[in-house]
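Undergrad: Below is the structure I would like to discuss, written out as structure tokens.
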Amino acid sequence: MHFLAGQKLRASDLNEGPWVPLTLLAGWVQRTGYYVPAVRLLMDESTVQLRGGLSGGTVTAGTVFATLAAEFRPAASVSFAVSANDSGAGGAAGNPRVFVRTNGNMEIWGIAGTSPFHIDGCSFSI
């Protein structure tokens, strides 16, 4: 966010970007009772925030469950821990993670089968 010297701020200037629903791949869908999986750019224009619960998709190590639009992609690959109902297969046992690649691919690692997982509260720099 950029302002000129002497510019007055309005409340609307301080809003975060709108939530943009993720286009889910590989059979993943919104988990019932959880936020729609979505992404937004925070006020600082350099931090991406995620939210939502996913279920029902197929998993092998590195399954791409969504691809981010260009404005949300990191300059270098990033990863972060996520919560899952049953971790263990497809990666480091008991350590479910999402990797976000520079091409926008979002990969899930370390969950068993079609175990639901959640990206609520996850964020990264772009």
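Quick note, in the numbering used here, the sequence shown goes up one by one and the last residue is 967.
From the three backbone atoms N, C-alpha and C, an ideal C-beta is built for every residue, glycine too.
CB-CB under 6 angstroms to A910, same chain, minus the five flanking residues each way: which ones, in chain order?
TA: Translated into the one-based positions of the sequence shown, residue 910 becomes position 69. Nothing listed; no residue qualifies.
Undergrad: Can you tell me which residues form a DSSP beta bridge with F1018?
TA: Limits of the chain in this structure are 842 at one end and 967 at the other, which puts residue 1018 out of reach.
Undergrad: Specify, as a first and last residue, the run of the beta strand (DSSP E) that A879 falls within.
TA: Locating residue 879 in the sequence shown gives position 38, where the first residue counts as 1. Here the beta strand (DSSP E) through A879 covers A879 to L882.
Undergrad: Using the DSSP secondary-structure output, state which residues sit across from S956 in a beta bridge.
TA: In the sequence shown, counting from the first residue as 1, residue 956 sits at position 115. In DSSP, S956 forms no bridge with anything.
Undergrad: Using a Cβ-Cβ cutoff of less than 8 angstroms, which residues in the same chain neighbour T864 once the five nearest sequence positions on both sides are dropped?
TA: Position 23 of the sequence shown, counted from the start, is the residue given in the question as residue 864. The beta carbon of T864 is closer than 8 angstroms to those of A907 and T908 in its chain, skipping five residues each way along the sequence.
Undergrad: Cutting at 6 angstroms between CB atoms, please list the residues of its own chain near S924, excluding the five before and the five after it.
TA: The count along the sequence shown starts at 1 and reaches residue 924 at position 83. H959.
Undergrad: What would DSSP say about A907, mapped onto helix, strand or coil?
TA: As a first step, residue 907 must be located in the sequence shown, where it is residue number 66. Strand at A907.
Undergrad: Please report how far the alpha carbon of I952 lies from the alpha carbon of S920, in whole angstroms.
TA: Indexing the sequence shown from 1 puts residue 952 at position 111. Indexing the sequence shown from 1 puts residue 920 at position 79. Their Cα atoms are separated by approximately 15 angstroms.
Undergrad: What does DSSP give as the partner residue(s) for N946 in the beta ladder?
TA: If you number the sequence shown from 1, residue 946 lands on position 105. BP columns for N946 point to T908.
Undergrad: The beta strand (DSSP E) spanning G894 covers which residue range?
TA: For the purposes of this step, residue 894 is taken as the residue at position 53 of the sequence shown. G894 to S896 is the extent of the beta strand (DSSP E) around G894.
Undergrad: Which word fits T904, buried or exposed, when buried means at least 16 other C-beta atoms lie within 10 angstroms of its C-beta?
TA: Against the sequence shown, residue 904 aligns to sequence position 63. When all chains shown are included, T904 counts as buried.
Undergrad: Give the straight-line distance between the Cα atoms of A933 and S918, rounded to the nearest whole angstrom.
TA: The residue labelled residue 933 in the question sits at position 92 within the sequence shown. The residue labelled residue 918 in the question sits at position 77 within the sequence shown. With a pLDDT of 45 at A933, under the threshold of 50, the modelled position of that residue is not reliable, and the figure given next carries that caveat. The straight-line gap from Cα to Cα measures roughly 18 angstroms.
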